[in-house]
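The next block holds one structure in the form of structure tokens; read it before the comments.
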Amino acid sequence: MWLSLLLALLLLAVFRKGHLRLSAGGSQNPFSEDVRRTPAPLVTDKEARKKVLKRAFSASQVPENLDAVVIGSGFGGLAAAAILAKAGKRVLVLEQHSKAGGCCHTFGQKGVEFDTGIHYVGSMQEDGICRLVLDQITEGQLDWAALSSPFDIMVLEGPNGRKEFPMYSGEKAYIQGLKEKFPQEEAAIDKYVKLVKVVSRGAIHAVLLKMLPLRLAQLISKCGPLTRFFPFLRASTQSLA
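Quick note, the sequence shown lines up with residues -20 to -1, 1 to 221 if you use mature numbering (1 follows the signal peptide of the UniProt record, and there is no 0).
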């Protein structure tokens, strides 16, 4: 009990310190107003896209008096940079690849566009916090489409022929689809889903840990109470065998 209280107090102190720093620096609230606007036409011209996505580094173009430098232009780096810029900060984003975007890159092959990483994103319902943040940092320019159902089909070829395992969108349909294909594994499927939810809820704990000063986080990790605060750290592949 006292360990939980101690961690809560430490986190509160970190949040307060961060808030005071922002206030002292005159930073503005990056979400103080709704900046969504009507989506502009999709830019498909390759040269026009290159001017934005492929900007070679030049020391002469680096502005003075930077407030932050973001290393990497993946969606995490770009999101952080966009929020800092909305807060009135001067931000520089550096990327070693020839094109910004990270795992949001796509490539074309024989007239078909393929993704290199992200191909569907969860928690994008209109009242969700993730949707709210992305809508604000993109000014509402992303056009979200609901997943088709099934959204994926796993196909296995073997000596006994071809088997297909469709993955349906929506929690209930997804679970029901698994149970229909594996009726003898209902208990195991329920156990798996329960663990997925535990890990999902625990993700915020990992974020909070990152907000602590490094030495304090290392001390907490070394002393061993992490598994008390973050139950998902106790999970392992063997626990489901």
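Every residue, glycine too, gets a C-beta built ideally from N, C-alpha and C.
Bear in mind that the values here come from a model prediction, so they are computed numbers and not experimental data.
Distance, Cα to Cα, G68 vs E160?
Numbered from 1 along the sequence shown, position 88 holds the residue referred to as residue 68. Numbered from 1 along the sequence shown, position 180 holds the residue referred to as residue 160. Cα-Cα distance, rounded: 53 Å.
Please go through the same chain and pick out, in chain order, the residues whose beta-carbon is closer than 7 Å to the beta-carbon of D115, but skip the five residues on each side of it.
For this step, residue 115 is matched to residue 135 along the sequence shown. Here the set comprises R16.
Do you know how far the Cα of L46 is from the Cα of M(-20)?
Here the question's residue -20 lines up with position 1 in the sequence shown. Here the question's residue 46 lines up with position 66 in the sequence shown. Reliability of the predicted coordinates at M(-20) is poor, the pLDDT of 47 falling under 50, and the value obtained from them is presented with this limitation in mind. Taking the straight line joining both Cα atoms gives about 44 Å.
Is the beta carbon of I117 closer than 8 Å to that of A59?
The sequence position of residue 59 within the sequence shown is 79, counting from 1. The sequence position of residue 117 within the sequence shown is 137, counting from 1. Yes.
For G141, name the three-state secondary structure that DSSP assigns.
Position 161 of the sequence shown, counted from the start, is the residue given in the question as residue 141. Three-state DSSP puts G141 in a strand.
Write down every uninterrupted run of the beta strand (DSSP E) in the region 1 to 84 whose length is 3 residues or greater and which is fully enclosed by it, in chain order.
If we require 3 residues or more, the beta strand (DSSP E) runs fully inside the region 1 to 84 come out as 48 to 51 and 71 to 74.
Report the residue from R70, D95 and V71 whose alpha carbon sits nearest the alpha carbon of G82.
In the sequence shown, the residue the question calls residue 82 occupies position 102. Nearest C-alpha to G82: D95.
For the alpha helix (DSSP H) holding D115, just list the boundary residues, first then last.
Residue mapping note: residue 115 aligns to position 135 of the sequence shown, counting from 1. That run of the alpha helix (DSSP H) goes I109 to I117.
Just to confirm, is the Cβ distance from S53 to A28 under 8 Å?
Position 73 of the sequence shown holds residue 53. Position 48 of the sequence shown holds residue 28. Not in contact: S53 and A28 (Cβ atoms no closer than 8 Å).
Rounded to the nearest angstrom, how far is the Cβ of A36 from that of V50, given a contact under 8 Å?
Here residue 36 is taken as the residue at index 56 of the sequence shown, counted from 1. Here residue 50 is taken as the residue at index 70 of the sequence shown, counted from 1. That belief does not hold up - the Cβ atoms of A36 and V50 are roughly 18 Å apart, past 8 Å.
Using the Cα positions of G97 and R70, report the straight-line distance between them to the nearest angstrom.
Taking the first residue of the sequence shown as 1, we reach residue 97 at position 117. Taking the first residue of the sequence shown as 1, we reach residue 70 at position 90. C-alpha separation (whole angstroms): 29 Å.
Which whole-angstrom value is the C-beta distance of H100 and F131, which I expect to be below 8 Å?
Taking the sequence shown and counting its residues from 1, one reaches residue 100 at position 120. Taking the sequence shown and counting its residues from 1, one reaches residue 131 at position 151. The amino acid at residue 100 is misidentified as His; the sequence shows Tyr. Rounded, the Cβ-Cβ distance is 6 Å, consistent with contact.
For a test of the three-state rule: what should DSSP assign to E93, helix, strand or coil?
The residue labelled residue 93 in the question sits at position 113 within the sequence shown. Of the three classes helix, strand and coil, the one that applies to E93 here is strand, per DSSP.
Find out if the Cβ-Cβ distance for the pair L64, A48 is shorter than 8 Å.
Taking the sequence shown and counting its residues from 1, one reaches residue 64 at position 84. Taking the sequence shown and counting its residues from 1, one reaches residue 48 at position 68. Yes, Cβ-Cβ distance for L64 and A48 is below 8 Å.
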